[in-house]
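S.K.: So the sequence shown is numbered by our numbering: it starts at 1 and just counts up by one.
Quick reminder that beta carbons are idealized off the backbone N, C-alpha and C, glycines included.
Every value quoted in this text rests on a predicted model; they were computed, and no experiment measured them.
First the structure, then my questions, so here it is.
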Amino acid sequence: MLKIDGKVAVITGANTGIGRETAISLAKQGATVVINYVVGEELAEEVKKEIESFGGKAIVKYCDVTSFEDTKVMMDEIKKELGSLDILVNNAGITRDTLLLRMKEEDFDKVIDVNLKGAFNCVKHASKIMMKQRSGRIINISSVVGLMGNVGQCNYSASKAGLLGITKSAARELAPRGITVNAVAPGFIESKMTEVLSDDIKEAMLSNIPLKSFGKAKDIANAVTFLASNEAHYITGQVISVDGGMYM
Ligand code: NAP
Numbered sequence: 001m002l003k004i005d006g007k008v009a010v011i012t013g014a015n016t017g018i019g020r021e022t023a024i025s026l027a028k029q030g031a032t033v034v035i036n037y038v039v040g041e042e043l044a045e046e047v048k049k050e051i052e053s054f055g056g057k058a059i060v061k062y063c064d065v066t067s068f069e070d071t072k073v074m075m076d077e078i079k080k081e082l083g084s085l086d087i088l089v090n091n092a093g094i095t096r097d098t099l100l101l102r103m104k105e106e107d108f109d110k111v112i113d114v115n116l117k118g119a120f121n122c123v124k125h126a127s128k129i130m131m132k133q134r135s136g137r138i139i140n141i142s143s144v145v146g147l148m149g150n151v152g153q154c155n156y157s158a159s160k161a162g163l164l165g166i167t168k169s170a171a172r173e174l175a176p177r178g179i180t181v182n183a184v185a186p187g188f189i190e191s192k193m194t195e196v197l198s199d200d201i202k203e204a205m206l207s208n209i210p211l212k213s214f215g216k217a218k219d220i221a222n223a224v225t226f227l228a229s230n231e232a233h234y235i236t237g238q239v240i241s242v243d244g245g246m247y248m
């Protein structure tokens, strides 16, 4: 068992996919988890029930991560209600894929707003609490396309590359206060976000994965859980690829 027992973890966008698996994984290691959502309240309540079914502790919190004010309120409430805020997983993310020539200004702005600005908002407000505690773990969910780029994903890959900039800068700023900041860069993971892709695109992607299979949300949750643990205390400013070898 990793040393996460008794810690409080907030995972943005934790009602489904990678966020859901991460919340369950952290709760299994003894963390009290905050399941954040923006639209899917019912799904968030289901994740809470699942965690409680194995004796874990969880609460559900609505918050649109694009709001600077609301993310502050959420982080302050967590500290007040649960006593601390030890782990932040910036997982909330969206796509608005299309070729650069067809990409509308709002497609670009919306993806940057949720994926990049949303993470900034959460890091900003959570780190203030963690700095007073003189400890903390921040894990940003980036993407292989933040490292490689991808056709039809100018907005998304920019947001995910930007997250790596936040990760490395915040890691340097927060290290003196005992806070580590790392990123996990998933490859092609089976989820709601990827099931909408055509078979042709899926086949093409599979041919570029040395391990010849798509990842599961649990694969990402495992990496995040390790980075959130005491055992990972000497790792900061890093990008851990979990992509079957797509990018090396
Ligand atoms: P998903 O199933 O589509 O889930 C996205 C989550 O983000 C949902 O919980 C959603 O909550 C939440 N969200 C969206 N907008 C939000 C907002 N404004 N405020 C708060 N929460 C918001 O996605 P996923 O595939 O699990 O991906 C999770 C993360 O991994 C994303 O950052 C994604 O970019 C990254 N990633 C995924 C893959 C992949 O292959 N799946 C690959 C690389 C990176 P609601 O349901 O309430 O809207």
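1. What does the alpha-carbon distance come out to for the pair Lys72 and Asn36?
2. In chain order, what residues of the same chain lie with their CB nearer than 8 Å to the CB of Ala183, ignoring the 5 residues before and after it?
3. For Asp200, count neighbouring Cβ atoms within 10 angstroms of its own Cβ and tell me buried if that reaches 16, exposed if not.
4. Report the option in Glu195, Val10, Phe188, Glu41 whose CA atom is closest to the CA atom of Gly83.
5. Is Arg134 closer than 9 Å to Arg172 when the C-beta atoms are compared?
6. What whole-angstrom Cβ distance do Ala228 and Glu21 have, given they're in contact under 8 Å?
7. Select from Ile87, Phe54, Ala204, Glu42 the residue whose C-alpha is nearest the C-alpha of Val224.
8. Hey, out of Glu231, Gly13, Pro186, whose CA is closest to Ile94's CA?
9. Candidates Glu50, Lys49, Gly40: which alpha carbon is nearest Cys63's?
10. Leaving out five residues before and five after Asn230 in sequence, what residues of the same chain have Cβ atoms less than 6 Å from its Cβ?
11. Using the beta-carbon count (16 or more within 10 Å), is Val38 buried or exposed?
12. When you compare the CB positions of Ile59 and Val33, do they come within less than 9 Å of one another, or not?
13. Roughly how many angstroms lie between the CA atoms of Lys49 and Met103, to the nearest whole one?
14. In the structure shown, what three-state DSSP assignment does Asn90 receive?
15. Give a single yes or no on whether Ala217 has its beta carbon closer than 8 Å to a heavy atom of the ligand NAP.
16. Have a look at Lys202 and Asp243 and give me their C-alpha separation to the nearest angstrom.
17. Taking CB distances under 9 Å as the criterion, tell me whether Ala44 reaches chain C.
18. Terminal residues of the continuous beta strand (DSSP E) containing Val239?
M.R.: The short version:
1. 13 Å
2. Only Ile139, Asn140, Ile141, Ser142, Leu163, Leu164, Thr167, Gln238, Val239, Ile240 meet the Cβ criterion.
3. exposed
4. Val10
5. no
6. Not a contact, Cβ separation roughly 13 Å.
7. When each option's Cα is compared against that of Val224, the closest is Ile87.
8. The shortest C-alpha separation from Ile94 is found at Gly13.
9. Gly40
10. By the criterion of a C-beta distance shorter than 6 Å, Asn230 is surrounded in its chain by Lys3, once the five residues flanking it on both sides are discounted.
11. buried
12. yes
13. Approximately 40 Å, taken between the alpha carbons.
14. Strand at Asn90.
15. For the ligand NAP, at least one heavy atom lies less than 8 Å from the Cβ of Ala217.
16. If you take the alpha carbons of Lys202 and Asp243, they lie about 14 Å apart.
17. Of the protein chains in this structure there is only one, and it is not chain C.
18. Residues 239-242.
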